[in-house]
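Participant: Chains A and B, in that order, are what the protein sequence lines are. So in the working numbering, spot 175 of the first sequence is number 175, and the numbers just go up one at a time. So in the working numbering, spot 66 of the second sequence is number 66, and the numbers just go up one at a time. Note that CB positions come from ideal geometry on N, CA and C, so glycine has one too. Here's a structure for you.
2 protein chains.
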Amino acid sequence: MSVAVLGCGLIGESWSALFLAHGLDVVAWDPDGGVLAALPERVEPLLGQLRALGTMAAQPGRLSVAPSVAAAVGGAGWIQENAPENTAVKHGLYAAVEAAAPPDAVIASSTSSLTWSDLAAGVARRDRFVTAHPFNPPHLMPLVELFTPDAGTLGRAEAFYRGLGRVTVALKKDAVGHIANRLASALWREAVNIVAEGIADVAEVDAALVHGPGLRWSVIGAHMAYHLGGGAGGIAHYLDHLGPSQERRWATLGTPSLTPEIRRLLVDGIAQEAAGRSVATLEAERDRGLMLALAARRKGGEGTAAEGKTGEGERR
Amino acid sequence: MSVAVLGCGLIGESWSALFLAHGLDVVAWDPDGGVLAALPERVEPLLGQLRALGTMAAQPGRLSVAPSVAAAVGGAGWIQENAPENTAVKHGLYAAVEAAAPPDAVIASSTSSLTWSDLAAGVARRDRFVTAHPFNPPHLMPLVELFTPDAGTLGRAEAFYRGLGRVTVALKKDAVGHIANRLASALWREAVNIVAEGIADVAEVDAALVHGPGLRWSVIGAHMAYHLGGGAGGIAHYLDHLGPSQERRWATLGTPSLTPEIRRLLVDGIAQEAAGRSVATLEAERDRGLMLALAARRKGGEGTAAEGKTGEGERR
Numbered sequence: 001m002s003v004a005v006l007g008c009g010l011i012g013e014s015w016s017a018l019f020l021a022h023g024l025d026v027v028a029w030d031p032d033g034g035v036l037a038a039l040p041e042r043v044e045p046l047l048g049q050l051r052a053l054g055t056m057a058a059q060p061g062r063l064s065v066a067p068s069v070a071a072a073v074g075g076a077g078w079i080q081e082n083a084p085e086n087t088a089v090k091h092g093l094y095a096a097v098e099a100a101a102p103p104d105a106v107i108a109s110s111t112s113s114l115t116w117s118d119l120a121a122g123v124a125r126r127d128r129f130v131t132a133h134p135f136n137p138p139h140l141m142p143l144v145e146l147f148t149p150d151a152g153t154l155g156r157a158e159a160f161y162r163g164l165g166r167v168t169v170a171l172k173k174d175a176v177g178h179i180a181n182r183l184a185s186a187l188w189r190e191a192v193n194i195v196a197e198g199i200a201d202v203a204e205v206d207a208a209l210v211h212g213p214g215l216r217w218s219v220i221g222a223h224m225a226y227h228l229g230g231g232a233g234g235i236a237h238y239l240d241h242l243g244p245s246q247e248r249r250w251a252t253l254g255t256p257s258l259t260p261e262i263r264r265l266l267v268d269g270i271a272q273e274a275a276g277r278s279v280a281t282l283e284a285e286r287d288r289g290l291m292l293a294l295a296a297r298r299k300g301g302e303g304t305a306a307e308g309k310t311g312e313g314e315r316r
Numbered sequence: 001m002s003v004a005v006l007g008c009g010l011i012g013e014s015w016s017a018l019f020l021a022h023g024l025d026v027v028a029w030d031p032d033g034g035v036l037a038a039l040p041e042r043v044e045p046l047l048g049q050l051r052a053l054g055t056m057a058a059q060p061g062r063l064s065v066a067p068s069v070a071a072a073v074g075g076a077g078w079i080q081e082n083a084p085e086n087t088a089v090k091h092g093l094y095a096a097v098e099a100a101a102p103p104d105a106v107i108a109s110s111t112s113s114l115t116w117s118d119l120a121a122g123v124a125r126r127d128r129f130v131t132a133h134p135f136n137p138p139h140l141m142p143l144v145e146l147f148t149p150d151a152g153t154l155g156r157a158e159a160f161y162r163g164l165g166r167v168t169v170a171l172k173k174d175a176v177g178h179i180a181n182r183l184a185s186a187l188w189r190e191a192v193n194i195v196a197e198g199i200a201d202v203a204e205v206d207a208a209l210v211h212g213p214g215l216r217w218s219v220i221g222a223h224m225a226y227h228l229g230g231g232a233g234g235i236a237h238y239l240d241h242l243g244p245s246q247e248r249r250w251a252t253l254g255t256p257s258l259t260p261e262i263r264r265l266l267v268d269g270i271a272q273e274a275a276g277r278s279v280a281t282l283e284a285e286r287d288r289g290l291m292l293a294l295a296a297r298r299k300g301g302e303g304t305a306a307e308g309k310t311g312e313g314e315r316r
């Protein structure tokens with residue numbers, strides 16, 4: 001069984017590296033022949049990162065490129081779709097997939113902003129269709145958010161991604177932005193507001209996050225943090241005593257608009273924070289930091305306070 | 001010169017350990033004689049954590065307890081106030097401090113929910129007063145958020161806390177919740193909303209955060225993440241192409257109230273996530289995870305993509 005990777009941009013190349021590192025053969029397709037031809041070269045440094053992390057199988061998978069969707073999915077047991085976030089484009093792709101894929105193959109969409117319901121409308125075998133949203137970059141970030149109403153396909157998806165060392169989180173119902181991007185969007189709204197109100201500049205907001213709540217949320221979740229904030233009485237004590245003050249604070253948070261003036265503050269602020277570093281350099285620094293954090297987690301072995309049953313995949 | 005620690009609850013004991021580990025003598029006071037008497041014993045395990053992290057000075061400071069505010073601050077160069085979050089209580093304390101402290105001593109308040117303006121109204125020498133908000137637990141978390149309108153005192157505060165290996169972030173103006181707790185509050189509002197709307201349970205929300213955006217925000221800030229999300233065109237490209245979709249997503253985020261029903265969902269959800277682990281056990285797991293993450297940062301040496309000039313303190 002091979003994995004078909006459809007769409008080979010940033011997400012597709014990162015998925016490809018993860019699959020290969022875990023010994024799965026990948027057959028990739030992209031409508032842009034240039035992107036497809038360059039894929040093996042672009043995947044190589046990502047494989048190097050996974051090798052450095054110690055997550056490379058003794059026998060890595062083989063990467064091949066396919067001239068058509070039909071050729072990519074013909075022998076596939078799993079199909080990871082990373083097409084542009086456009087419902088019509090994805091529906092067109094699913095029709096081509098279903099015409100050629102084995103009937104038991106699962107189609108998994110990496111969609112970040114569309115929902116299962118949006119996309120399943122263009123799928124004939126909906127019981128084999130799942131949204132499987134990774135967090136960028138997927139070969140390093142553990143999270144995969146899943147939704148499908150089919151319990152059997154959900155179980156297959158959990159087993160598949162956990163087998164790749166991922167942490168799967170299943171939604172109880174369809175939601176735009178799943179969980180993680182809703183949280184990220186809510187936080188960023190206030191991060192923009194703090195800049196817009198002149199409380200702090202972009203670099204200071206980012207530094208406060210990285211050295212404060214971001215660091216803590218890499219270890220325990222937001223709900224658990226308030227549980228510990230309640231002392232021996234936990235979250236019940238917290239809600240009874242500080243719930244009202246939280247509601248008052250919520251009322252003071254901002255609802256900024258991305259006006260030209262705020263856009264300028266954000267662009268100028270990032271230029272100051274980047275201090276001449278290119279996007280490629282910043283990405284390399286991010287990956288280096290993520291790899292150190294992931295290595296530290298592995299060293300921690302039995303996981304963190306926030307890891308309940310959903311975290312088991314990472315501990316294999 | 002010694003450091004006076006006024007108020008010896010969770011925050012005061014953690015500050016004490018940090019000061020002692022960096023070779024500063026601490027004179028502590030608390031209105032509760034029992035709390036004060038138990039302080040040396042409670043500080044010991046925190047010092048053990050700092051020893052394990054490799055941040056213990058060859059000559060640690062000495063810890064003593066004082067029978068009165070005057071005795072605590074009489075020989076102090078720095079005064080760290082951790083009294084309850086009550087303006088009148090803090091104002092009363094500042095009057096006692098100013099009657100006995102050396103004129104050049106700085107009074108630093110650990111307040112999380114009050115502002116410099118609220119508190120300075122009860123201080124005679126406002127040019128020596130600064131809010132210095134740590135993130136819990138202060139002996140492990142790098143962030144200290146500072147505000148004072150006095151440039152000289154701000155400079156002294158930055159030097160003092162950076163000398164303790166902290167990362168300081170200065171606000172441009174007074175704001176309730178400073179930066180970090182505004183961000184945390186904004187994120188938690190949506191975390192509560194996701195539970196309230198039935199999209200996912202508490203444990204799943206926390207797992208998504210810890211293995212997704214939390215992990216990423218421990219390495220790069222939220223603004224920087226969108227800069228990298230814009231590809232080679234950076235945040236300008238992101239705002240031009242995806243700014244409108246972010247504004248649409250902001251409009252879909254929730255504004256929950258902490259009703260009895262939602263309170264029950266949160267309390268039950270935490271019970272499920274904790275799976276029988278006590279608050280003390282969960283705190284120990286949190287600290288263990290933080291120590292691993294901090295050790296990984298030290299290994300990274302030159303810091304992460306989000307660290308601009310504000311990050312230098314940690315690299316000493």
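Within its chain, find whatever has a CB closer than 8 Å to the CB of Val106/B; leave out the 5 residues flanking it on each side and keep chain order.
Facilitator: Around Val106/B: Gly77, Trp78, Ile79, Arg128, Phe129, Val130, Thr153, Arg156, Ala157 and Phe160.
Participant: Is the separation between the beta-carbon of Leu171/B and that of Glu145/B shorter than 8 Å?
Facilitator: In this structure, Glu145/B lies closer than 8 Å to Leu171/B by Cβ.
Participant: Using DSSP with H/G/I as helix, E/B as strand and the rest coil, what is Leu53/A?
Facilitator: Of the three classes helix, strand and coil, the one that applies to Leu53/A here is helix, per DSSP.
Participant: At a CB-CB cut-off below 7 Å, which residues of chain A make contact with Glu13/B?
Facilitator: Neighbours of Glu13/B on chain A: none; closest Cβ ~13 Å, over 7 Å.
Participant: Kindly give me the distance between the Cβ atoms of Phe19/B and Gly61/B, rounded to whole angstroms, as I take these residues to be in contact under 8 Å.
Facilitator: At roughly 6 Å, the Cβ-Cβ gap stays under 8 Å, so Phe19/B and Gly61/B are in contact.
Participant: Does the beta carbon of Val167/B come closer than 8 Å to any beta carbon on chain A?
Facilitator: So, interface residue.
Participant: Is the beta carbon of Ala175/B sitting closer than 8 Å to the one on Ile262/A?
Facilitator: Contact flag unset, no.
Participant: Note down, in chain order, all residues in the region 76-99 of chain B with a beta-carbon under 8 Å from any beta-carbon belonging to chain A.
Facilitator: Here the close residues number zero.
Participant: Count the other CB atoms, across all protein chains shown, that sit within 10 Å of the CB of Glu273/B; report buried if there are 16 or more and exposed otherwise.
Facilitator: Buried: at least 16 other Cβ atoms inside 10 Å.
Participant: Return yes when the Cβ of Ala186/B is within less than 8 Å of the Cβ of Leu253/A, no when it is not.
Facilitator: Contact flag set, yes.
Participant: Report the rounded CA-to-CA distance for Pro134/A versus Ala180/A, giving the unit in angstroms.
Facilitator: C-alpha separation (whole angstroms): 10 Å.
Participant: How is Ser2/A classed by DSSP in three states: helix, strand or coil?
Facilitator: In this structure, Ser2/A counts as strand in the three-state DSSP scheme.
Participant: First and last residue of the beta strand (DSSP E) that includes Ile107/B?
Facilitator: Start and end: Val106 to Ser109.
Participant: At a CB distance below 9 Å, what residues from the region 208-220 of chain B approach chain A? Give them in sequence order.
Facilitator: Listed in sequence order: Ala208, Leu209, Val210, His211, Gly212, Pro213, Gly214, Leu215, Arg216, Trp217, Ser218, Val219 and Ile220.
Participant: On the three-state DSSP scale, how would you describe Ala124/B?
Facilitator: If DSSP states are grouped into helix, strand and coil, Ala124/B belongs with coil.
Participant: Taking the alpha-carbon positions, what's the Pro94/A to Gly301/A distance?
Facilitator: A quick correction: the sequence has Tyr, not Pro, at residue 94/A. Looking at the two C-alpha atoms, the distance is approximately 40 Å.
Participant: Please compile the residues from chain B whose C-beta is within a distance smaller than 8 Å of the C-beta of Tyr326/A.
Facilitator: Given a span of 1 to 316 for chain A in the structure shown, any question on residue 326/A remains unanswerable.
Participant: Rounding to the nearest angstrom, what Cα-Cα distance links Lys173/B and Leu114/A in this structure?
Facilitator: One C-alpha to the other measures close to 39 Å.
Participant: Let me see if you follow: with CB-CB separation under 8 Å, is Cys8/B close to chain A or not?
Facilitator: Not closer than 8 Å to any Cβ of chain A, the Cβ of Cys8/B fails to qualify, so no.
Participant: Give the single residue among Leu228/A, Met291/A, Arg126/A and Lys299/A whose Cα lies nearest to the Cα of Gln49/A.
Facilitator: Checking every option, the nearest Cα to that of Gln49/A belongs to Met291/A.
Participant: Please check if any C-beta of chain B sits within less than 8 Å of the C-beta of Phe160/A.
Facilitator: Taking Cβ atoms only, chain B never reaches closer than 8 Å to Phe160/A, which makes this a no.
Participant: Below 6 Å CB to CB, which residues in the same chain sit around Gly308/A once its five sequence neighbours on both sides are set aside?
Facilitator: A caution first: Gly308/A carries a pLDDT of 40, below 50, which makes its placement in the model unreliable, though a value can still be read off. Nothing listed; no residue qualifies.
Participant: Counting only the same chain and skipping the five closest in sequence on each side, list residues whose C-beta sits under 7 Å from that of Ser14/A.
Facilitator: The answer, listed in chain order, is Leu46, Pro137, Pro138 and His139.
Participant: From Val123/A to His91/A, what does the alpha carbon distance come to, in whole angstroms?
Facilitator: If I take the Cα positions, the gap works out to 7 Å.
Participant: Indicate whether the contact test is met: 3 or more Cβ pairs, each with one atom in the region 207-221 of chain B and one in the region 204-212 of chain A, closer than 8 Å.
Facilitator: The region 207-221 of chain B vs the region 204-212 of chain A: in contact.
Participant: How would you label Ala58/B, buried or exposed, when you count the other beta carbons within 10 angstroms and need 16 or more for buried?
Facilitator: Exposed: under 16 other Cβ atoms inside 10 Å.
Participant: Where does the unbroken beta strand (DSSP E) through His133/A begin, and where does it stop?
Facilitator: Taken as a continuous stretch (DSSP letters only), the beta strand (DSSP E) holding His133/A covers Phe129 to Pro134.
Participant: In three-state DSSP terms, what is Asp150/A?
Facilitator: The answer is coil: DSSP assigns Asp150/A none of H, G, I, E or B.
Participant: Can you confirm whether Ala191/B, when its beta carbon is compared against all beta carbons of chain A, has any partner nearer than 8 Å?
Facilitator: Yes - at least one Cβ of chain A is within 8 Å of the one on Ala191/B.
Participant: Can you tell me which of the three DSSP states Ile235/B falls into?
Facilitator: Residue state, collapsed to three classes: helix.
Participant: Measure from the C-beta of Leu114/B to each C-beta in chain A and report whether the shortest distance is under 8 Å.
Facilitator: Leu114/B does not count as touching chain A.
Participant: Please check the pair Trp188/B and Phe147/B, which I expect to be a contact at CB under 8 Å, by giving their CB distance rounded to whole angstroms.
Facilitator: With a Cβ gap of about 23 Å, Trp188/B and Phe147/B do not count as contacting.
Participant: Any beta carbon from chain B within less than 8 Å of Thr252/A's own beta carbon?
Facilitator: Yes, Thr252/A counts as interfacial toward chain B.
Participant: Does any residue of chain B bring its CB to less than 8 Å from the CB of Ser257/A?
Facilitator: Closer than 8 Å: yes.
Participant: Under the DSSP definition of a beta bridge, which residues are partnered with Leu63/A?
Facilitator: In the DSSP output, where bridge partners are listed per residue, Leu63/A has Val26/A.
Participant: Checking the sheet assignment: what are the DSSP bridge partners for Leu143/A?
Facilitator: The partner list for Leu143/A (beta bridge, DSSP) reads Val167/A.
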